[in-house]
Amino acid sequence: MTKRIDPTITRDVSAISSLDLSKRDLTIDLARVFSLLLVVVVHLLFVGVGRDADGGLVVSRPLEEQPWFAAATWAGQIMPLFFVVGGFASLIAWRGTVRRGGSAADYVKTRVLRLAQPTLPLFVFYVVVIGATTLLAFAPELVAQVVEGAGSPLWFIAAYCLCQALMPAMARLHERAPALTPAVLFGGVIVVDAARYSSGVTQVGYLNMVFVWLLVQQIGFWYADGWFARRTRWQLIVVAATCYAALVPLSTVGPYNTDMLVNLNPPTLPLVLLGLAQACLLCLFRPALAKVMSTRAARAIVFGVGTRLMTIYLWHLPVIIIIAGLGLLIPGADPEPASPAWWWSRIIVYLLVLGILFALSLGVGRWEKPRVLGPTPSVGVVALAAALTFVPTFLVIEYFLDLWLAVAGAASLWVAILVLRRWPRRAGSVG
C-alpha cells in the first residue's frame with residue numbers, strides 16, 4: 051500500500067530545494083526563527099490562568115512575578131535583534147528590487163501586503179470573539195483583560211510597517227551618508243526620550259517608534275554591508291560589553307527601567323544598545339550558527355518555521371490563552387500558576403502550542419504570501435495602504451484592543467489589501 055505524502059511537507063521541501071543557498075546568509079534565517087520561538091516561550095510563561103478562593107477565574111503573569119525577571123529581560127528582550135535581521139533582509143530585498151528595475155512603490159506594496167494580509171484574519175477573529183462575548187455578557191472585565199494581553203503583539207505590525215514603508219528612503223540615506231544617518235537618528239532618540247521623561251507625558255515617547263526602530267534597522271544595514279564581519283573578535287566583544295555596561299547606569303541612575311520589556315512601548319534608548327550588542331553577538335556566533343545551518347535537519351526546521359513566521363507570531367497568544375482556558379475544564383490539567391508542576395507543564399504546553407500553530411498555518415498561513423493581481427498603483431495609494439495597516443495596529447498600543455477597534459482594524463486592513471491587490475490594470479500593461 052502506497053503511503054500518501056502530506057502535500058504541505060512536499061511544498062516545504064520543494065521550496066527549500068529551489069532556494070539558492072550559496073548567496074543566502076542562513077544564520078540570519080536561524081536568528082529570525084530563534085527570536086520568534088523565544089517570544090513564544092516568554093509569552094507562554096506570562097500566561098497563568100487559575101481560580102481564586104471563591105472559584106472565580108484569575109489571570110496572572112507568573113514569569114513577571116519572579117525576582118530574577120528584570121535581569122533576565124536583558125537577554126530575553128530579543129525584539130531588537132528581530133529588527134536587526136529584518137534590516138539586513140530588507141536591504142538585500144530592496145537592492146534586488148532595484149536591480150530588477152523595480153520602484154520604491156513596488157517594494158513597499160509587497161511588504162505592506164505581507165503584513166496586512168496575515169493580520170486581517172486575526173482582526174476578524176477578534177471581532178467574532180469579542181462580539182460574541184459582548185452579546186453573551188460573559189465576564190466583561192475578564193474578557194477585557196484577556197483581549198488586552200492577546201492584542202499586545204500587534205505593536206510589532208505597526209513598527210515593522212513603518213520601517214518597511216520608509217525602507218527605500220532609509221536605504222538611499224544609508225548609501226549616501228552611512229555614518230551621518232544613524233547619528234541623526236540617535237540624536238532623535240535622545241531628544242524624544244529627554245522630552246518624554248522631562249515632561250512626564252508618555253505619549254511623546256511614541257515618536258521613538260520612528261527613531262529607535264529605524265536606527266536599529268540601520269544596524270541591520272551595516273551588518274549586511276559587512277561592517278561587523280570586518281571587526282575582530284575582541285572588537286565585537288568590547289562593543290557588546292560596552293553596550294550592556296551602559297545599561298547599568300541608564301536603568302539605575304537614569305530614567306529607564308531595569309525591565310527591558312517595560313522599555314519596549316514606547317521604545318527607548320536601551321533597545322538601541324541591545325540591538326547593537328545583539329548584532330555583535332550574532333556576528334561572534336556566526337561560524338557556529340553556520341555549522342548548525344549546514345545540516346539538512348536544521349535547514350528543514352528553520353525554513354519550515356520561516357514560511358510561517360507571521361502566522362506563529364500573530365496567533366501564538368490567542369492559542370496559548372485558549373489552551374489555558376481549556377485546561378481548566380480537564381481535571382489535573384490546570385496546575386497552580388507558578389507552582390513547580392506548572393513550570394514543568396510548560397514544556398508540554400509549548401510543544402502543543404507549536405503543533406496547533408502548525409495546523410493553523412495550513413489554513414491562515416496562505417495569507418502570508420501575497421499573490422499580486424495587478425500592477426503597482428500610484429505612490430499615493432501605496433502610502434495610503436501603508437497608513438491603513440499602521441494606524442489600527444498602532445492604536446492597539448495606546449488604547450488596547452476592544453470590539454470597535456477590532457472592527458475598525460479589520461475594515462482598514464481589508465481596504466489596504468483591496469487597493470493593493472485589485473488595482474485596475476493600466477492601459478497596455480502586461481501580467
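Going from the sequence shown to the numbering used here is simple: count from 1 and add 50. The beta-carbon is built from N, C-alpha and C at its ideal position, and this holds for glycine as well.
The stretch 122-136 contacting the stretch 266-282, beta-carbon criterion three pairs below 8 Å: Short answer: they touch.
Given a threshold of 16 other Cβ atoms within 10 Å of its Cβ, counted over all protein chains shown, does residue 159 qualify as buried or as exposed? buried
Evaluate contact between the stretch 243-259 and the stretch 182-196, counting only Cβ atoms and requiring at least three cross-stretch pairs below 8 Å. no
Which value, in whole angstroms, describes the spacing of the CA atoms of residue 275 and residue 145? Each residue's Cα considered, the two are about 12 Å apart.
Residue 280 (DSSP reduced to helix, strand or coil): In this structure, residue 280 counts as coil in the three-state DSSP scheme.
Look at the alpha carbon of residue 242 and the alpha carbon of residue 187, and state the distance between them as a whole number of angstroms. 42 Å
Taking the straight line between their C-alpha atoms, what separation do you get for residue 320 and residue 456? Going by the C-alpha atoms only, they are around 31 Å apart.
If distances are taken between C-alpha atoms only, which option among 466, 107, 411 and 371 comes closest to residue 96? Comparing Cα-Cα distances from residue 96 to each of 466, 107, 411 and 371, the minimum goes to 371.
Every unbroken alpha helix (DSSP H) inside the stretch 188-243 [4 residues or more]: Within the stretch 188-243, the complete alpha helix (DSSP H) runs of at least 4 residues fall at 190-200, 205-215 and 217-226.
Just verifying my parser: in three-state terms, what is the DSSP assignment at residue 91? Shown here, residue 91 sits in a helix according to DSSP, grouped into three states.
Where residue 104 falls, given that 16 or more other Cβ within 10 Å makes a residue buried: Counting every other CB atom within 10 Å of its CB across the protein chains shown gives residue 104 a total below 16, marking it as exposed.
Return helix, strand or coil for residue 72, following the three-state DSSP convention. A caution first: residue 72 carries a pLDDT of 49, below 50, which makes its placement in the model unreliable, though a value can still be read off. It is helical.
For the pair the stretch 427-443 and the stretch 193-200, tell me if three or more CB-CB distances fall below 8 Å. No, the stretch 427-443 does not touch the stretch 193-200.
Tell me which residues share the same chain as residue 62 and place their Cβ nearer than 8 Å to its Cβ, disregarding the 5 neighbours each side in the sequence. Note that residue 62 scores 45 on pLDDT, short of 50, meaning its location in the model is unreliable; the coordinates nonetheless yield the value given after this. Closer than 8 Å at Cβ, skipping near neighbours: 350, 353, 354 and 357.
My guess is that residue 332 and residue 168 are in contact by the Cβ rule of under 8 Å, so how many angstroms apart are they, rounded? Actually they are not in contact, since the Cβ atoms of residue 332 and residue 168 sit about 26 Å apart, beyond 8 Å.
Among the residues of its own chain, which have a CB less than 8 Å from the CB of residue 317, if the five just before and after it don't count? 209, 255, 258, 259, 262 and 263
8 Å CB neighbourhood of residue 119 in its chain, flanking five on each side removed: 113 and 309
Let's test the definition: count the other Cβ atoms within 10 Å of the Cβ of residue 226 and tell me whether it reaches 16, buried, or not, exposed. exposed
Please classify residue 315: does DSSP put it in a helix, a strand, or coil? coil
By the DSSP assignment, the alpha helix (DSSP H) with residue 177 in it spans what residues? Start and end: 154-185.
State the DSSP-derived secondary structure class of residue 451, mapped to helix, strand or coil. coil
In the DSSP assignment, the alpha helix (DSSP H) including residue 342 goes from what residue to what residue? First-last of the alpha helix (DSSP H) with residue 342: 336-342.
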